[in-house]
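Colleague: There's a structure below that I have some questions on.
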């Protein structure tokens, strides 16, 4: 039996473990906290990301090590890669952890991003605001997610305030972009270099956090997104699932960020695609053939934040709703689960999303 | 969190457990042997089916108890029903365990069966052969499955041989039936009496064991099968998934046997239906609303007997193949897993089934 190690024991590791069972693949997670999302469904080793003894034991007990978050220290990944194959790659992890390296890498591959500047001082910031114009957004280069570690500058006076709040760490200033909507594209590349790209999704956020991802039937954007992600995966010699978030602006895509992992905007694939992103990630990193990524209808995912809506409320609201909880206790703003839909028409999808939203949130 | 207890720890309990995780439902199995199908994926309590102390502990640790096989002693089910709700029902279990009671009950509901006779002596058998004609089949009333516990009589001399082999236990003699093909119908009934019926499947056997179940689009047979199973579930005040195997003979259905549980011929529903039979069984017995039972394309399941074909051989043969292993070691004739397909056309389905069969078996 093949065994996959996952650095991180949250919901993504949990869903990888559930995808593994039918294939006879065992997933073992490594998690520093007492998080139970993965441990509810599979074996979890508890240890810090700098505990070399435990990490070595973990890596030696599995065939391949992968990640469920890009916030795993690169040193941790480099260390375990001495004892087990590490996927997707150290380079992809390094790039995805740093907004500056990420945008530079995207531009090198001729993938458009918003304009940006490396900021190391308050005077850098003044120059940057001059150059990129207001409004613009100052971000930490590392460890930002879901709108955290960001400061929007709208007036000259914001320069001092932004610096006060975020200064003293590596920063990037990004020009504002007047986009129409955000999309995600998820691709998977196997060890032989074969690539499959899922249908793109349109993403709707609430308070900076993903609320709904809906499969988007738009050939122009699909083609651009597929070209970009194929270019990225090939150049990175990437193995596994990769996600890119992009802005659509008057029919053109502007890359926002990359996630070297399965992604929240791909959870619809569990019920809406022939092969889920979780299963395809396992297949890719364990040297197996990739599965069909086609969509089986009109599909969408709605995040559950804070607390799961009651199970029977959801099931009673729609006989087609697919309920996915992560075993987490309630806490304001926390991603505790999601609900998938995959139905016969776009109209039915909209109606059911509205009904679920009205009934359960 | 709701907890379901399953008497039996084989692949059906395993697949119920996997269906439960996304819903936040915990499945605990009770298994007398060291079988690992369920224990690979969830908690299993080991104990004999007559160990009252362990059974009581088991039943008290769950909300509802159900079964994964009709060969659970009725006494065991009756005993646990003192400490937890038991589903589907003691009556359904009693009937399904006994081919004579089963056929009598079906006939009482005006559901046709083959002609049959209760056999308690060799002279009964002679009278029976006279009445039902040759060929006919002598079966044990209890604990027969997959062609075991049966003797086909083709000549007068077979009477003595059949009696020698099977005599001394409760028997039933059944007339031969010149059927065109076998189908299954799977229904689910919730605690409020709501019923949903899955699309019927045509079943192909090899050496008496199910080989392929393929969803059959035949409105006439679907209607008859649905009527029969609805009648059965309503009269039994049944809660959970029920399966009926029937013979199709010149457009008319003749009931063969009932299984008061999720069934091998319904494994296609994991990938081919909106809601799998496993999830719908959990929903029904735990008092939740039922899920949509519609088929999402052209679907079929192929059993893997003896040993699983190699994972990558299957995945490479078809990017749409869904591989389901049960974690069992290889043994001749043993059901160790299945492969599902759900594709866009009947032609593609036939082609892929043939390719999988050629590649993997």
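Residue numbers (our numbering), protein chains in the order written: chain A, 1 to 361; chain B, 1001 to 1361.
Glycine included, each C-beta is placed from N, C-alpha and C at the ideal position.
Computed from a predicted structure; not experimentally measured.
1. So is residue 1141 of chain B in contact with chain A if we call contact Cβ pairs under 8 angstroms?
2. If you follow the alpha helix (DSSP H) that residue 1235 of chain B is in, where does it begin and where does it stop?
3. Let me see if you follow: with CB-CB separation under 8 angstroms, is residue 39 of chain A close to chain B or not?
4. List the residues of chain B that residue 304 of chain A touches, going by C-beta distances under 8 angstroms, in chain order.
5. Under 7 angstroms, CB to CB, which of the residues in the segment 1310–1331 of chain B have a partner in chain A?
6. Against residue 1018 of chain B, what residues of chain A qualify as contacts under a CB-to-CB distance less than 8 angstroms, listed in chain order?
7. Measuring only the C-alpha atoms, how far is residue 1287 of chain B from residue 1019 of chain B?
8. So residue 226 of chain A packs on residue 293 of chain A, CB below 8 angstroms; how close in whole Å?
9. List, in order along the chain, the chain B residues whose C-beta lies closer than 9 angstroms to that of residue 296 of chain A?
10. For chain B, find out if any of its Cβ atoms is closer than 8 angstroms to the Cβ of residue 349 of chain A; answer yes or no.
11. Please list, in chain order, the chain A residues whose beta carbon lies closer than 7 angstroms to that of residue 1197 of chain B.
12. Looking at the C-beta of residue 289 of chain A, does it have a partner C-beta in chain B at a distance below 8 angstroms?
13. Using CA coordinates, which residue listed in B/1121, B/1157, B/1120, B/1148 is at the minimum distance from residue 1134 of chain B?
14. Near residue 1176 of chain B, which residues of its chain fall below 6 angstroms by C-beta distance, leaving aside the five closest residues on each side in sequence?
15. Which chain B residues are close to residue 274 of chain A, counting only those with a beta carbon under 7 angstroms from its beta carbon?
16. Is it true that the CB of residue 1005 of chain B sits closer than 8 angstroms to the CB of residue 1028 of chain B?
17. Given this structure, state the Cα-to-Cα distance separating residue 102 of chain A from residue 129 of chain A, to the nearest angstrom.
18. If you reduce the DSSP assignment to three classes, tell me which class residue 290 of chain A lands in.
19. Less than 8 angstroms between the C-beta atoms of residue 1256 of chain B and residue 1242 of chain B, yes or no?
20. Can you name the residues of chain A whose CB is closer than 7 angstroms to the CB of residue 1292 of chain B?
21. Below 8 angstroms, can you find three or more Cβ-Cβ pairs linking the segment 274–283 of chain A to the segment 9–19 of chain A?
22. Whole angstroms are fine: how far does the CA of residue 296 of chain A sit from the CA of residue 1366 of chain B?
23. Secondary structure at residue 1335 of chain B, three-state DSSP: helix, strand or coil?
24. Residue 118 of chain A bridges to which residues according to DSSP?
25. For residue 194 of chain A, name the three-state secondary structure that DSSP assigns.
26. Please identify the residue among B/1011, B/1082, B/1126, B/1141 whose C-alpha is closest to the C-alpha of residue 1044 of chain B.
27. Strictly below 8 angstroms CB to CB, what residues from chain A border residue 1283 of chain B?
28. Excluding five sequence neighbours on each side, which residues of the same chain lie with their C-beta closer than 7 angstroms to the C-beta of residue 36 of chain A?
29. Nearest to residue 93 of chain A by alpha carbon, out of A/341, A/344, A/232, A/299?
30. How about residue 311 of chain A and residue 336 of chain A: do their beta carbons lie closer than 8 angstroms?
31. Helix, strand or coil for residue 1142 of chain B, going by three-state DSSP, please let me know.
32. Based on DSSP bridge pairs, tell me the residues matched to residue 325 of chain A.
33. What number of angstroms, rounded off, separates the C-alpha of residue 171 of chain A from the C-alpha of residue 100 of chain A?
34. Opposite residue 342 of chain A in the DSSP bridges: which residues?
35. Rounded to the nearest angstrom, what separates residue 248 of chain A and residue 1354 of chain B at their Cα positions?
Modeller: Taking the coordinates as given:
1. no
2. 1219–1235
3. no
4. Within chain B, no residue comes near residue 304 of chain A; the closest Cβ sits about 11 angstroms away, beyond 8 angstroms.
5. 1311, 1312, 1315, 1316, 1319, 1320, 1323, 1324, 1325, 1327
6. 18, 21, 22
7. 16 angstroms
8. Going by Cβ atoms, the distance from residue 226 of chain A to residue 293 of chain A rounds to 11 angstroms, so no, they are not a contact pair.
9. 1296, 1297, 1342
10. no
11. Result: empty, since nearest Cβ-Cβ is about 14 angstroms, beyond 7 angstroms.
12. yes
13. B/1157
14. 1135, 1136
15. 1320
16. yes
17. 21 angstroms
18. coil
19. no
20. 319, 320
21. yes
22. What is shown of chain B runs 1001 to 1361, which leaves residue 1366 of chain B out entirely.
23. strand
24. A/172
25. coil
26. B/1011
27. 315
28. 327
29. A/232
30. no
31. coil
32. A/337
33. 8 angstroms
34. A/299
35. 44 angstroms
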